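**Student:** Below is the structure I would like to discuss, written out as structure tokens.
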Amino acid sequence: YTAVHPVRRPEGRPARDDFAFVTGTIPGLQDGQVLVENLLLSVDPYMREALEFEDWQEGFGMEGRTLGRVVASREPSLPVGAIVFHRHGWSTHAILGPRDTRRIVEPADGVPLSAYLGILGGTGLTAYVGLTRVAKLQPGEDLFVSAAAGAVGSAVGQIARVLGARRIVGSAGSAAKVDRLVQELGFDAAFDYHGGDLSKKLAEAAPDGVDVYFDNVGGDHLEAAIDGLREFGRIAWCGAIAQYDSLRTPPAAPRNLFDVVGKRIRLEGFLVRDHGDVRPEFEDFITPHLRSGAVRVDETVVDGFENIVDAFLGLLAGENTGKMLVRAGS
Ligand code: NDP
Numbered sequence: 005y006t007a008v009h010p011v012r013r014p015e016g017r018p019a020r021d022d023f024a025f026v027t028g029t030i031p032g033l034q035d036g037q038v039l040v041e042n043l044l045l046s047v048d049p050y051m052r053e054a055l056e057f058e059d060w061q062e063g064f065g066m067e068g069r070t071l072g073r074v075v076a077s078r079e080p081s082l083p084v085g086a087i088v089f090h091r092h093g094w095s096t097h098a099i100l101g102p103r104d105t106r107r108i109v110e111p112a113d114g115v116p117l118s119a120y121l122g123i124l125g126g127t128g129l130t131a132y133v134g135l136t137r138v139a140k141l142q143p144g145e146d147l148f149v150s151a152a153a154g155a156v157g158s159a160v161g162q163i164a165r166v167l168g169a170r171r172i173v174g175s176a177g178s179a180a181k182v183d184r185l186v187q188e189l190g191f192d193a194a195f196d197y198h199g200g201d202l203s204k205k206l207a208e209a210a211p212d213g214v215d216v217y218f219d220n221v222g223g224d225h226l227e228a229a230i231d232g233l234r235e236f237g238r239i240a241w242c243g244a245i246a247q248y249d250s251l252r253t254p255p256a257a258p259r260n261l262f263d264v265v266g267k268r269i270r271l272e273g274f275l276v277r278d279h280g281d282v283r284p285e286f287e288d289f290i291t292p293h294l295r296s297g298a299v300r301v302d303e304t305v306v307d308g309f310e311n312i313v314d315a316f317l318g319l320l321a322g323e324n325t326g327k328m329l330v331r332a333g334s
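If you're matching positions, the sequence shown starts at 5 in full-length UniProt numbering and goes up one per residue.
Written out as structure tokens, the structure reads:
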């Protein structure tokens, strides 16, 4: 097998030299184990955080959500040929035992396999949980989402539309992404967050304010959103990608944090892993919308396992639209 290991803790933004490709011989299987050839691998922002703390020695490579095909099996419930979801990514192969997360995936008609790592998987579930369980978005309400052209952000905008949101506003890192949000993903307005006053940009895009802010970015985006939220607004705090490169330095609090009191805003953080029970409801909700095209499978697929480090670094630099995936086989 070939796998990727982190070889040092990154200083600030990770670089290619922080990782090494290593090769090894696949050991023989024991009873209850299967050998999986990894086909599609997810690279995610949380891996930046994990590089600070993670004990990754469990599998061949670092932890990561992956879809693969069983190529040898000593476990009757996982026959050769089955497509499984598991978390031993960053490697061409994985050995899964009884204690590992693993689930057979049987793709529904009209839905590509890759969607199970994106809009139909944890990414879509994150968007759905944040909107329905945390922000409790109501039909007719207005929404702002940051990192809107990314995986979670583009799911948030599209799902909010289906849930009956009125004005949907997004921010993203380039003019091309902003165009895409409005032209292709159904956003009512969008802006490039680079340069200029973010509160002003948000006020131009949502002149009457918003009821819900879905935060993927933190920092100055959170500050601008507190300015733009109406009374009794809600913030579903999902991530803070603007801060992940400096996790060892505590970020400055938004200067307007106390406005949360005056405006009676509810700010609530959440982790999708606490909401696995919502998955069946979410799959029933999203599948018809994927089939009808009301919600798009939005993804950037990098070909070749040898490019996985570049794909991860590209994700942090905003080279993706939608879910960033690596295709290692077919
Ligand atoms: P994305 O597909 O959104 O990729 C990350 C994007 O972040 C990039 O495309 C880039 O787009 C943007 N970005 C990078 N740096 C900055 C910055 N300094 N300021 C603003 N935007 C930046 O990733 P995901 O959809 O997978 O994740 C989005 C967020 O959701 C992350 O914060 C992640 O940690 C969080 N998350 C939280 C979960 C939970 O359970 N709470 C579960 C899953 C994700 P651009 O070109 O626009 O800059």
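Glycine residues also receive a C-beta, built at the ideal position from the N, C-alpha and C atoms. Computed from a predicted structure; not experimentally measured.
1. Ligand 3 and residue 81: does any heavy atom of the ligand fall closer than 8 Å to the residue's C-beta?
2. DSSP three-state label for residue 64, please.
3. Which of helix, strand or coil does DSSP assign to residue 155?
4. With contact counted as at least three CB pairs below 8 Å, one residue from each stretch, are the segment 233 to 253 and the segment 84 to 104 in contact?
5. Exposed or buried, which one is residue 334 when buried takes at least 16 other CB atoms within 10 Å?
6. What are the boundary residues of the alpha helix (DSSP H) that includes residue 184?
7. Measure the beta-carbon distance from residue 134 to residue 324 and round it to whole angstroms, keeping in mind my assumption that it falls under 8 Å.
8. Among residues of its own chain, excluding the 5 on either side of residue 126, which ones have a beta-carbon nearer than 7 Å to its beta-carbon?
9. Assuming the contact rule is C-beta atoms closer than 8 Å, residue 290 and residue 82 should be a hit. Round their C-beta distance to whole Å, please.
10. Nearest by alpha-carbon distance to residue 169: which of 157, 146, 198 is it?
11. Apply the 10 Å Cβ neighbour rule to residue 64 and answer buried if 16 or more other Cβ atoms are within range, or exposed otherwise.
12. Taking only three categories from DSSP, how would you classify residue 18?
13. Count the other C-beta atoms from every protein chain shown that fall within 10 angstroms of the C-beta of residue 152, then say buried if there are 16 or more, exposed otherwise.
14. Ordered along the chain, which non-local residues of its own chain (more than five positions away) have a Cβ less than 8 Å from that of residue 36?
15. Spatial neighbours of residue 110 within its chain, please: C-beta separation below 8 Å, excluding the five flanking residues on both sides.
16. Under the three-state reduction of DSSP, which class applies to residue 251: helix, strand or coil?
17. Less than 9 Å separating the beta-carbons of residue 193 and residue 165?
18. Based on the DSSP output, what are the partners of residue 71 in its beta bridges?
19. Does ligand 1 have a heavy atom nearer than 8 Å to the CB of residue 49?
20. Would you mind stating whether residue 148 and residue 75 have Cβ atoms separated by less than 9 Å?
21. Buried or exposed for residue 108, going by 16 or more other Cβ atoms inside 10 Å?
22. Specify the secondary structure class of residue 208 as computed by DSSP and reduced to three states.
23. From which residue to which residue does the beta strand (DSSP E) around residue 303 run?
24. Would you check whether ligand 1 has a heavy atom nearer than 8 Å to the C-beta of residue 274?
25. Are the CB atoms of residue 221 and residue 257 within a distance shorter than 9 Å?
26. Inspect the beta-carbon positions of residue 21 and residue 12 and report whether they are closer than 9 Å.
27. Is it buried or exposed, residue 296, if we count other Cβ atoms within 10 angstroms and call 16 or more buried?
**Tutor:** The relevant details are as follows:
1. As presented, the structure is devoid of ligand 3, carrying ligand 1 as its sole ligands.
2. coil
3. helix
4. no
5. exposed
6. 179 to 187
7. At roughly 19 Å, the Cβ-Cβ gap does not stay under 8 Å, so residue 134 and residue 324 are not in contact.
8. 69, 276
9. Between residue 82 and residue 290 the Cβ distance is about 26 Å, and since that is not below 8 Å, they are no contact.
10. 146
11. buried
12. coil
13. buried
14. 78, 79, 101, 102
15. 87
16. coil
17. no
18. 44, 89
19. yes
20. no
21. exposed
22. helix
23. 303 to 307
24. yes
25. no
26. yes
27. exposed
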